[in-house]
Amino acid sequence: MSKTDPELDPAETEEWLEAVDDVVEHDGPERAEKLLGRAVARAHSLGAAIETSGPTPYVNTIPADREPELPGDPELEKRVRSMIRWNAIATVLRANLESSELGGHIASFQSAAMLYEIGFNHFWHAPSEDHDGDMVYIQGHSSPGIYARSFLEGRLSEEQMLGFRQEVSSEGGLSSYPHPWLMPDYWQYPTVSMGLGPIMAIHQAYFMRYLNDRGLRNTEGRKVWAFLGDGETDEPETLGEIALAGRERLDNLVFVVNCNLQRLDGPVYGNGKIIQQLETVFRGAGWNVIKVIWGRRWDPLLAEDHDGLLVQRMNEAVDGEYQVYKSRDGAYVREHFFGAYPELAERVEKMSDEDIWNLNRGGHDARKVYAAYKAASEHEGQPTVILAKTIKGYGMGEAGEGQNITHQQKKMNVEALRAFRDRFELDISDEGVEQISFYRPDDDTPEMKYLKQRREALGGYLPQRRERIDDPLGIPGLDAFSGQLKGSGEREISTTMAFVRVLAALLRDKQLGDRVVPIVPDESRTFGMEGMFRQIGIYSHVGQLYEPEDAGSMMFYKESRDGQILQEGINEAGAMSAWIAAATSYSNHDTQMIPFYVFYSMFGFQRVGDLIWAAADSRSRGFLLGGTAGRTTLNGEGLQHEDGHSHVLSQTVPNCLSYDPAYGYEIAVIVQDGLRRMVSEQEDVFYYLTIENENYRHPAMPEGAEEGILRGMHRVREAEGGEPAIRLLGSGAILSQALEAADLLGENHDVDAEVWSVTSYTELRREALTADREARLNGGPSKNPWISECLGTEPGPPTVAASDYMKALPDGIRAWVPGRYEVLGTDGFGRSDFRAGLRDFFEVDHRHIAVAGLHSLAETGELERSVVEEAIDRYEIDTDRPDPARL
Ligand SMILES: Cc1ncc(C[n+]2csc(CCOP(=O)(O)OP(=O)(O)O)c2C)c(N)n1
Ligand SMILES: [Mg+2]
């Protein structure tokens with residue numbers, strides 16, 4: 107026996123344990139925690155490396171004797187819960203009666219029903235006079251259970267329930283998952299893409315603190331509750347941001363992880379224990395962890411476990427085994443769980459197989475769940491995670507309980523349904539079971555009265571979503587940005603600088619200035635925004651606890667409690683989630699905010715596209731700025747940085763307006779109109795602007811350019827002789843190349859060109875498609891789309907478009923460009939080199955544009971081909987090199 111083995115001196119061990127018992131008994135568990143903490147620290151200092159970060163034993167964090175009494179009427183709650191369970195099943199089964207085409211999930215809500223119901227009955231406030239409402243992020247595929255509750259509450263009709271997953275064919279049909287876009291007065295948070303709910307919830311809690319600290323909205327007393335599956339914790343987005351919540355001590359945040367031990371295909375962590383793993387991960391990140399593993403029927407056995415053998419067995423068994431136990435029966439559990447040790451088997455000898463089967467799990471026990479929720483809602487100084495152990499498909503019996511197939515199960519035969527009815531003691535006739543009828547008792551029954559009374563006490567129904575601000579803020583006119591409208595004179599500036607000036611002007615605005623939320627993921631200096639550090643400060647709940655290194659400089663790194671900038675670190679997913687919280691603040695906090703998230707454009711739509719999709723679904727309002735954009739304009743950074751496709755991706759988002767502006771005045775017009783639409787008109791749209799780092803002169807705004815800028819194109823140079831021989835389209839920094847090409851064409855080839863700035867191919871195309879549809883269905887649109895207003899509908903001169911993005915972008919308007927149309931773009935992988943070299947490589951510089959123009963004229967018979975060849979020689983274009991799109 108080694109010297110370190112405690113059994114070297116069992117009497118000494120016993121003495122220590124008794125001392126612990128004593129302290130807990132007389133001074134309480136907190137005192138014991140403190141004492142032992144001190145003892146461990148002392149041992150560390152003497153060289154004893156005590157492991158303190160491992161999991162605690164596999165039992166409930168809150169011991170039975172410290173549980174509060176269940177308030178309310180548990181018996182009535184149970185009956186209501188059973189009705190909700192039934193209706194949730196009916197929702198899915200009825201939708202799939204004809205065929206299983208529509209799908210839906212039964213097993214997940216059945217495992218989580220208790221977790222939701224305790225919250226609805228006792229904890230979650232709806233927005234009311236007294237409370238702004240708690241924010242509950244519901245696990246997406248548990249939606250049938252939430253609809254089932256709303257049905258009992260009388261918020262959803264039977265017809266709507268029958269329209270589950272039939273939003274097109276059934277009026278008022280219910281969306282598959284939480285989608286604010288589709289049910290804007292009901293769902294608040296789109297959560298079904300695994301991992302996005304948790305990261306958005308963390309930033310929601312953080313943003314609430316920001317609103318409070320900045321004095322814009324009192325958010326005290328409100329909590330964010332996020333429900334997630336244990337399988338969902340596989341996603342990096344789920345766990346990747348929990349350290350922020352811990353570090354910021356977000357005690358307005360509660361995660362409830364439904365640990366049913368299964369995901370879609372099988373066990374989450376069959377060879378270990380997911381609850382134990384999550385405990386260590388969350389604890390390490392600074393969270394308060396509450397494990398709810400065992401139900402009350404285990405309490406007597408645990409109370410008698412003086413030698414710790416039962417807990418030892420609990421610690422030993424792995425999730426794969428725990429899952430199997432609940433898919434079998436009591437005899438199996440007796441043999442395989444308790445039977446592992448004869449002494450343990452002896453302890454349950456007097457219990458019947460049924461008694462053993464009824465040993466319940468914590469997440470299905472109202473008392474245990476309530477105790478955890480109460481502790482979580484009262485906990486201060488840390489976020490809380492509740493790890494609740496449940497059974498997937500609870501109550502489904504042979505139709506799926508604890509089985510690997512249960513996630514996808516959308517059928518239950520009459521026998522299984524009858525068994526379900528009996529198990530939950532539902533007052534449903536055999537006929538009702540056969541027809542899978544929805545069940546709602548009369549309004550004057552005790553159950554219905556109780557259900558409503560509980561919600562009334564908590565301020566009303568949930569979920570519910572505010573769609574608009576009743577009293578919108580005033581917005582500045584275009585003249586607020588006069589600096590940009592006047593142009594840059596002789597100075598050469600970038601569109602990024604122009605944007606920063608627009609932002610600075612907005613920050614000075616009396617009505618909106620403090621509503622602006624600049625968000626950056628550690629790139630402020632890249633975008634020239636560091637001047638704002640000092641000016642408006644970087645938000646930090648604790649202010650600044652140190653003197654910054656650059657304290658003596660003009661633009662020092664200033665953190666403060668009322669700081670306005672959200673500096674999210676190198677964390678695009680987190681910054682995007684922060685943007686969503688700010689962009690939906692009008693809805694969640696009745697406080698309009700105007701977020702500007704400025705990021706490396708390559709790490710936007712490409713990197714966090716799914717969050718942007720969720721932002722769109724959330725009806726976000728705000729601005730996304732893809733900085734240092736353009737495949738050839740950001741020159742030195744190479745393949746992984748140079749974005750030539752974000753505009754192709756952004757056009758896939760229906761309510762996102764995308765712009766590739768070339769001049770400061772275009773940015774001013776777009777931002778000002780964006781404010782009009784999103785703030786004044788309360789429209790649910792948002793904006794994506796690419797901004798670049800190439801410096802050139804910005805002209806003053808031509809009179810009357812606004813409409814063209816907003817609708818997608820406006821002419822920046824007319825043909826000298828009035829009638830152009832060719833049209834050139836350019837955007838962003840490439841507009842300068844188009845203008846230079848026009849010079850070449852005029853000076854060297856006597857070709858008269860007009861030049862257009864295309865601010866948005868996407869908007870041009872959308873409008874034209876709508877007009878085409880109108881023509882197809884109703885014989886014609888009331889007016890021409892903007893592109894036809896600009897370019898006409900009769901064959902005209904050839905047109906050449908050049909873009910810093912893929913050819914697909916300018917190609918999108920081909921159908922409406924009259925006459926010959928040639929597109930130049932930057933398909934292929936980026937390279938690092940000088941800007942001029944890259945533009946030659948991708949064939950989008952002024953020389954290539956000019957040659958493309960001449961070629962178009964040769965093709966339409968206006969010129970001899972030899973003119974093109976001469977130009978190719980003159981501009982030293984290498985015609986033998988391979989296509990850059992394929993390199
Ligand atoms: C990003 C993403 N990948 C895959 C899916 C498909 N999916 C839906 S539910 C699910 C399993 C969820 O398991 P878990 O999180 O444990 O939830 P449970 O149903 O067990 O409560 C999967 C893979 C998804 N919705 N989102
Ligand atoms: Mg699961």
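If you count the sequence shown from 1, you need to add 106 to reach this note's numbering.
By construction, the Cβ of each residue, glycine as well, lies at the ideal position given by its N, Cα and C atoms.
Around the beta-carbon of Pro342, fewer than 16 other beta-carbon atoms lie within 10 Å, marking it exposed. Nearest to Gly814 by C-alpha distance, out of Leu258, Trp892 and Phe443, is Trp892. Using a Cβ distance threshold of 8 Å, Ile625 and Tyr703 count as a contacting pair. A straight line joining the alpha-carbon of Gln570 with that of Ser256 spans about 11 Å. Per the coordinates, the alpha-carbon of Met660 lies some 8 Å from the alpha-carbon of Gly637. Phe544 carries a coil assignment under DSSP once its states are collapsed to helix, strand and coil. For the pair Val864 and Gly818, the CB atoms are nearer than the 8 Å cut-off. Comparing C-alpha distances from Gly967 to each of Thr697, Arg926 and Asp979 shows the shortest one belongs to Arg926. Only exposed fits Ser786, as fewer than 16 other CB atoms lie within 10 angstroms of its CB. A check of alpha carbon separations from Ala213 across Phe229, Ser248 and Asn202 identifies Ser248 as the nearest. Secondary structure of Glu598 (DSSP, three-state): strand.
Fewer than three Cβ pairs drawn from the stretch 595 to 602 and the stretch 267 to 287 lie within less than 8 Å of each other, which leaves the two stretches out of contact. The Cβ-Cβ distance between Glu678 and Gly736 does not fall below 8 Å. Residue pairing of Ile625 in beta bridges, as defined by DSSP: Leu672 and Tyr703. Within the stretch 725 to 813, the beta strand (DSSP E) runs of at least 3 residues that lie entirely inside it are, in chain order, 729 to 733, 762 to 765 and 792 to 796. Residue pairing of Ala332 in beta bridges, as defined by DSSP: Tyr243 and Phe361.
The closest CA to that of Asp951, considering only Ala847, Asp240 and Ser866, is found on Ala847.
When the Cα atoms are used, Asp528 and Val539 turn out to be separated by approximately 11 Å. Shortest gap from the CB of Lys498 to any heavy atom of ligand 1: under 7 Å. With fewer than 16 other Cβ atoms inside 10 Å of its own Cβ, Ser234 counts as exposed. For Tyr375, same chain residues with a beta-carbon under 6 Å away, outside a window of 5 residues either side, are Asp425 in chain order. According to DSSP, Thr490 shares a beta bridge with Val360 and Asn394. Residue pairing by DSSP places Trp287 in no beta bridge whatsoever. In its chain, beyond the 5 residues on either side, Leu730, Ser756, Cys762 and Ser764 have a beta carbon closer than 6 Å to the beta carbon of Tyr794.
A straight-line Cα-Cα distance of about 57 Å links Ala586 and Val398. Between Trp293 and the set Pro627, Glu573 and Ile348, the nearest pair of CA atoms involves Glu573. Counting along the chain, the unbroken beta strand (DSSP E) around Tyr927 starts and ends at Tyr927 to Leu930. Secondary structure note for His820: its beta strand (DSSP E) is the uninterrupted segment Met819 to Arg823. Distances taken from the Cβ of Val374 to the heavy atoms of ligand 2 include one shorter than 7 Å.
Residue Leu334 holds the alpha-carbon nearest to the alpha-carbon of Ala218 among Leu334, Ser894, Leu841 and Lys480.
Within the model, the alpha-carbon separation for Gly733 versus His747 is close to 11 Å. Looking at Ala437, Tyr479, Leu370 and Lys329, the one whose alpha-carbon comes closest to that of Ile396 is Tyr479. Screening all residues for a C-beta within a distance smaller than 7 Å of any heavy atom in ligand 1 leaves His211, Ala213, Ser214, Ser217, Ala218, Gln245, Gly246, His247, Val298, Ser299, Met300, Gly301, Leu334, Gly335, Asp336, Gly337, Glu338, Glu341, Asn364, Asn366, Gln368, Arg369, Leu370, Val374, Lys498 and His513, in chain order. Nearest neighbour of Gly445 by Cα position, chosen from Leu415, Met300, Tyr295 and Met241, turns out to be Leu415. Contact annotation: Glu338 and Met300 have beta-carbon atoms nearer than 8 Å.
Taking a 10 Å sphere around the C-beta of His695, we find 16 or more other C-beta atoms and assign the residue as buried.
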